[in-house]
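Mapping to this note's numbering: the sequence shown position 189 is 211, numbers consecutive. In this text, a Cβ means the ideal position worked out from N, Cα and C, and glycines have one as well. Note that the structure is a prediction, hence the values are computed from the model and not measured.
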Amino acid sequence: LNCILQCLSNTTPLVEYFITGSYVDDLIRGKGELPNAFAALVMDMWLGDCLYIYPDEVKRVLGKMHAAFSDGTQQDAHELLLFFLNILHNDLKKVSTGLDQPVRLNAETSVIAKLFQGQLSNVKVCLSCFHKSSQTETFLSLSLPMPPDSRCSIQDCLRLFFKEEILSSSDQPYCSFCGRKRDQSESIQMLKAPDIIIIHLKRFESDDHGNRKLTSTVSFPLEDLDLSQYTTTPSAQHLKYHLYAVVNHTGSLDSGHYTAYCKNPVTQRWHEFNDMKVTDICEQKIQSPAAYILFYNCINFQWAQ
23 LNCILQCLSN
33 TTPLVEYFIT
43 GSYVDDLIRG
53 KGELPNAFAA
63 LVMDMWLGDC
73 LYIYPDEVKR
83 VLGKMHAAFS
93 DGTQQDAHEL
103 LLFFLNILHN
113 DLKKVSTGLD
123 QPVRLNAETS
133 VIAKLFQGQL
143 SNVKVCLSCF
153 HKSSQTETFL
163 SLSLPMPPDS
173 RCSIQDCLRL
183 FFKEEILSSS
193 DQPYCSFCGR
203 KRDQSESIQM
213 LKAPDIIIIH
223 LKRFESDDHG
233 NRKLTSTVSF
243 PLEDLDLSQY
253 TTTPSAQHLK
263 YHLYAVVNHT
273 GSLDSGHYTA
283 YCKNPVTQRW
293 HEFNDMKVTD
303 ICEQKIQSPA
313 AYILFYNCIN
323 FQWAQ
């Protein structure tokens, strides 16, 4: 929980939204336990004078909403992050009336959707009649597969995620134009890239031999992560991102430990958050085999509530 809260508390537009009290106007009647608890926490973290703070109220609210987060046992940080963001979204969502967006994500929006939500399109093309079909879905994080190599780059993971595949034999989908199952190509395209993109490296996997953790070193840039080649939006020719936070996982599946690296938006210095210990860390140490979740913000992003 600590590492997720540290990363979110260094997400500048999110913190500003809660510290200024703007979130109060968006609260849905009868809801708001988690937004209120998170707002109080970030205000203490940024405006208070304590050396350390216990997030007791946030922890209590999360435990009340999901039993898995109530007993103090270690849970997957990515699952907790998505659960946390979805609760905030549900408590703060409102009907969107904007018609100027090239892609409408859905009729309900919130600060979470505005900052973190993107849209993917799964495109299938029949290799017999060439009929094209597509399905769209929104995402709060991109969960990227990892190549089997001991060393790879984040671009290798992205290429693997967006790689076109041929569905044949027992995997053949049904083609409505042909009226039967046909070989089809399948690819994923990004219709809308979010202003803040969360990249989840799929280090934990299951197969016939059980569960295991992938310990490959994935190199990733601290600046200028380029996603323009993966999106269909014409205006995304210079879609580049800067890293500002990392969740790390060390150890095994059963006895792992989470830490966070965060770039202070005021001082622009990197810090390591390891339970109650906070230390400076040089940029050269940000990349490690422990990197699990990466937080990037778009360099052209301008926050407007």
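Of all the options Q97, F106, Q206, I176, which has the alpha carbon lying nearest to the alpha carbon of C151? Start at 1 with the first residue of the sequence shown, and residue 151 comes out as number 129. The option with the nearest alpha carbon to C151 is Q206.
How would you call S163, buried or exposed, if buried means at least 16 neighbouring beta carbons within 10 angstroms? As a first step, residue 163 is located in the sequence shown; it is residue number 141 there, counting from the start. Label assigned to S163: buried.
I'd like to know whether the C-beta atoms of S250 and L261 end up nearer to each other than 8 Å. As a first step, residue 250 is located in the sequence shown; it is residue number 228 there, counting from the start. As a first step, residue 261 is located in the sequence shown; it is residue number 239 there, counting from the start. Cβ distance < 8 Å, so S250 and L261 count as in contact.
Cβ-Cβ distance between I315 and V240 below 8 Å: Along the sequence shown, read from residue 1 onward, the residue named residue 315 stands at position 293. Along the sequence shown, read from residue 1 onward, the residue named residue 240 stands at position 218. Not a contact, by the Cβ cut-off of 8 Å.
Who are the Cβ neighbours of A312 in its own chain at under 7 Å, not counting the five residues just before and after it? Mapped onto the sequence shown, residue 312 falls at position 290. Closer than 7 Å at the Cβ level, and outside the excluded window around A312, lie N270, H271, T272.
In chain order, what residues of the same chain have a beta carbon less than 7 Å from the beta carbon of V37, not counting five sequence neighbours either side? As a position in the sequence shown, residue 37 is number 15, starting the count at 1. Once the five neighbours on either side are set aside, the close Cβ partners of V37 are S31, V64, W68.
CB-CB under 6 Å to G140, same chain, minus the five flanking residues each way: which ones, in chain order? One-based indexing of the sequence shown puts residue 140 at position 118. So the qualifying residues of the chain are F161, K214, A215, P216.
Counting C-beta neighbours from all protein chains within 10 Å, is the total for G120 16 or more, i.e. buried, or is it exposed? The residue given as residue 120 occupies position 98 in the sequence shown. For G120, the predicted structure reports a pLDDT of 46, less than 50, and the residue's modelled location is therefore unreliable. The matter cannot be settled from this model.
Could you check whether the region 51–62 touches the region 102–111, counting it as contact only if at least three pairs of C-beta atoms, one from each stretch, sit closer than 8 Å? yes
With a 10 Å radius around its C-beta and 16 neighbouring C-beta atoms as the bar for buried, classify V133 as buried or exposed. Taking the sequence shown and counting its residues from 1, one reaches residue 133 at position 111. The residue in question, V133, is buried, as its Cβ has 16 or more Cβ neighbours within 10 Å.
Would you call F138 buried or exposed, if buried means 16 or more other Cβ atoms sit within 10 Å of its Cβ? Residue 138 sits at position 116 when you count from the first residue of the sequence shown. By the neighbour-count rule (16 or more Cβ atoms within 10 Å), F138 is buried.
Mind checking whether Y280 and I321 have CB atoms under 8 Å apart? Walking along the sequence shown from the start, residue 280 turns up at place 258. Walking along the sequence shown from the start, residue 321 turns up at place 299. Not in contact: Y280 and I321 (Cβ atoms no closer than 8 Å).
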